[in-house]
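Step one of this worksheet: look at the structure below.
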Amino acid sequence: MTSCHVLLFLALFVFSANADVSIDCGASESYTDENSITWRGDDDIFQDSFSEVVQSSNSVSHVMSTLRVFTSRKKNCYFVTVDKGPLLVRASFYYGNYDRKLSPPSFDLLIDGNHWTKVITSLDRLVYYEVVYVVQSDATSICLAQTQPNQFPFISALEVRSLDPKMYNYVDPKYALFVRSRFAYGASATVRYPDDVYDRIWVPESGGTGVISVASEAISYEVDVPEEPPEAVLQNAITTSSLSQSLTYIPDFADKKTAIYLNLYFSEVTDLDTTQKRSFRIYIDNNPISKPIIPPYGKVTEMLINYTASSNTSFSLVSTLDSTLPPLINAMEVFSVSDPLVAGTNSKDVGGLVELQTQFSVLQGWYGDPCLPSPYTWDWISCSNDVIPHVTALDLSSFGLSGQLPDFSSMDSLVIIDLHNNSLSGPIPDFLGAFPYLKELNLADNSFSGPIPPSISSNKMLKLVVSGNPGLCVSGKSCKPTSTDGTKSSPTPSSSSKKSNKLPIILGTTIPSFIIFWAIVAFILHHRRKTAAIAAITAGQAAGSDMPSHGQGSPGNVMMGKMGEAAANEGS
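Quick note on numbering: the sequence shown equals residues -19 to -1, 1 to 553 in mature numbering (1 follows the signal peptide of the UniProt record, and there is no 0).
Structure follows, in structure tokens:
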């Protein structure tokens, strides 16, 4: 096994590699919108969920008119195949009073076994969350998890975008970047695909008191910076009306200190003559932290700031003493940094769970990482607290399991196995006696037959319960098991039998080793669907209830009212 992440999955949709994915949650059919973006419905994906239509009378885009709500399981996951490398994932939520309860819910959003954010939905406002992270395998999972009784998770749209490997690579791949804000200063409408080939959403921001919006005179731009801002966000900017004023941004991070990255983009709007000069520095809390910045005309300069900010941290652009023009800014991205990303449940344990889910369809309602995050461990397992957790207990009593047990001997950290009160049949497999830490094995009230393997019966440290199996040879009872053709034969372990037509369903689990079963891959390839194109929730949502707003922080971070109001320059 290689040292990659693995994603093992249910029979959800799987898109071909190097493809962007757009899912209209709750939709029954695929369609192409006015921007030639293909949206795929998800009606055929989940068994225990419901498609709903919003009840709000406010005007919303087509993609926001439906949603999918999950009323069972601790977590429910979407699974998407991707190329290894950086991704932008956007999850959108429009409640629209679909349940007529006037009670928008809150719940958790997860990526690959990691906590992403707490989703706080609004009665009649679209809320979306974005994250940038590096995927180490060929797939990723996005999960919704219920956190409060009767507050059921839902989702309106899910978009996955592949990014260029050089983009946002200033952050260690062990961390994710949560998008807090992305502004197009001076713009009159939202900028996204097709203007931004990566379909980032740049929200228009004109600034506040004392701030002027200006349009660029440049006809074209040379964009040669790693994050590749679209030309559309360079066509406008904000500035101040006088040299004595600065542009200030005050982020909304409440009282918590937060590690953030700011990407600032500067492009001169006028072809200056020899008597004109625009030069300014970046200040944090009135302390200069950059060399003089001179925006180029027809080009772009990108500045990166990494800082631990608090609620009263301010970022300012202040003119230098030799500048004849006030500062300006065209665009900005603000990110907060995640905790270290987890590696996921132990790969051998995931492999054993795959075997169980392959054999028993009743278990195929559980997916996502089995152990992580810890509040959302599968109902029928227990896990250790290790950095890479192991499955330590299986509790499958009264699950309606029938047939023979598959070989899940790879789960070598099991301490308890409880399979009582099912309809399991055939001989007790030898591998059940090979678990090095097993202390309890409950096989009662099944239909096992034949002798108990010596590896189990001779283990004096094992608490074994086998009552309620009439065909089992115990206490010196004569044992001549009957084969399937009616002849007498010696019992053989069922663990050697091979499965070929079942599909493992651990959905979107990230673990430290890559396990891909070729039978699964063949099934997936057979069912591959047409690659989805880059999507748009709605372009140009400049006003109305369908106007996108970032879920993290307040929906309208602006420049000083937030890089808006001009502040007096106290010196340069």
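Backbone N, C-alpha and C define an ideal beta-carbon position, used for all residues, glycine too.
Assuming residue i and residue j make a contact with CB atoms under 8 angstroms, what is their CB distance in whole Å?
i           : j           : result
residue 312 : residue 165 : 5 angstroms
residue 247 : residue 282 : 5 angstroms
residue 306 : residue 258 : 7 angstroms
residue 35  : residue 46  : 6 angstroms
residue 121 : residue 101 : Not a contact, Cβ separation roughly 23 angstroms.
residue 260 : residue 304 : 4 angstroms
residue 207 : residue 280 : Going by Cβ atoms, the distance from residue 207 to residue 280 rounds to 14 angstroms, so no, they are not a contact pair.
residue 249 : residue 276 : 4 angstroms
Inspect the beta-carbon positions of residue i and residue j and report whether they are closer than 7 angstroms.
i           : j           : result
residue 194 : residue 297 : no
residue 72  : residue 139 : yes
residue 70  : residue 112 : yes
residue 284 : residue 245 : yes
residue 392 : residue 368 : no
residue 211 : residue 177 : yes
residue 361 : residue 377 : yes
residue 238 : residue 291 : yes
residue 641 : residue 21  : There is no way to answer for residue 641, as the model of the chain reaches only from -19 to 553.
residue 114 : residue 157 : yes
residue 162 : residue 315 : yes
residue 431 : residue 408 : yes
residue 75  : residue 107 : yes
residue 251 : residue 203 : no
residue 116 : residue 68  : yes
residue 397 : residue 414 : no
residue 429 : residue 453 : yes
residue 343 : residue 381 : yes
residue 37  : residue 66  : no
residue 340 : residue 387 : yes
residue 189 : residue 219 : no
residue 412 : residue 390 : yes
residue 141 : residue 183 : no
residue 62  : residue 119 : yes
Does any C-beta atom of chain B lie closer than 7 angstroms to the C-beta of residue i?
i           : result
residue 434 : This model lacks chain B altogether; it includes just one protein chain.
Need the endpoints of the beta strand (DSSP E) that residue i sits in, please.
i           : result
residue 82  : Premise fails: residue 82 is in no beta strand (DSSP E) and is neither H nor E.
residue 397 : 397 to 399
residue 436 : Residue 436 -> not in any beta strand (DSSP E); alpha helix (DSSP H) instead, spanning 435 to 438.
residue 444 : 444 to 446
residue 122 : 120 to 126
residue 66  : 66 to 74
residue 220 : 217 to 221
residue 8   : Neither: residue 8 is in no beta strand (DSSP E) and is coded neither H nor E.
residue 26  : Residue 26 -> no beta strand (DSSP E), and no H or E assigned at all.
residue 423 : 421 to 423
residue 106 : Run containing residue 106: none; DSSP gives neither H nor E here.
residue 139 : 138 to 143
residue 365 : Element bounds for residue 365: n/a, residue is neither H nor E.
residue 57  : 56 to 62
residue 449 : Looking at the DSSP string, residue 449 is not in any beta strand (DSSP E), and its letter there is neither H nor E.
residue 193 : 192 to 196
residue 19  : 19 to 22
residue 404 : 404 to 408
residue 31  : 31 to 34
residue 354 : No beta strand (DSSP E) holds residue 354; DSSP gives it neither H nor E.
Closest to residue i by C-alpha separation, out of the options, would be which residue?
i           : options               : result
residue 48  : 357, 125, 338 and 5   : 5
residue 379 : 256, 348, 115 and 399 : 399
residue 128 : 455, 355 and 325      : 355
residue 242 : 201, 151 and 217      : 151
residue 185 : 167, 148 and 216      : 167
residue 288 : 370, 41, 263 and 273  : 263
residue 24  : 42, 51 and 36         : 51
residue 352 : 446, 96, 64 and 453   : 96
residue 79  : 146, 133 and 90       : 133
residue 420 : 427, 330, 374 and 240 : 374
residue 123 : 57, 325 and 387       : 57
residue 125 : 94, 13, 389 and 142   : 94
residue 44  : 65, 26, 15 and 55     : 15
residue 105 : 90, 98, 347 and 86    : 86
residue 160 : 98, 440, 387 and 220  : 98
residue 366 : 404, 332, 345 and 325 : 325
residue 426 : 441, 439, 406 and 450 : 450
residue 447 : 423, 434, 327 and 200 : 423
residue 363 : 345, 331 and 346      : 331
residue 130 : 53, 346, 269 and 440  : 53
residue 196 : 433, 278, 434 and 137 : 278
- Entirely enclosed beta strand (DSSP E) segments - the stretch 246 to 330, minimum 3 residues: 261 to 265, 282 to 290, 296 to 300 and 312 to 318
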